[in-house]
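Accompanying notes for the structure given below.
Here you go:
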């Protein structure tokens, strides 16, 4: 899963739900990625949190 894929999933989740709360967006994206084990879930969660943080701080808040 690339950062671009995660960013696309985060943007889709925002548009689909109207949510802006980072923790809810990350939870939804991780759920949709359907991790197969706890390590994969932790990896997806960390990646989604990092990508969302970078998007909000480096590129502006959406």
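Residue numbers (UniProt numbering): 1 to 62.
Glycine included, every Cβ here is placed at the ideal spot set by N, Cα and C.
For the candidate residues the options, whose alpha-carbon lies nearest to that of residue i?
i          : options       : result
residue 1  : 27, 51, 55    : 51
residue 32 : 10, 57, 3, 59 : 10
residue 22 : 53, 12, 42    : 53
In or out: residue i buried (at least 16 other Cβ within 10 Å) or exposed?
i          : result
residue 44 : buried
residue 28 : buried
residue 47 : buried
residue 42 : exposed
Please report the distance separating the alpha-carbon of residue i from that of residue j.
i          : j          : result
residue 20 : residue 6  : 16 Å
residue 24 : residue 17 : 10 Å
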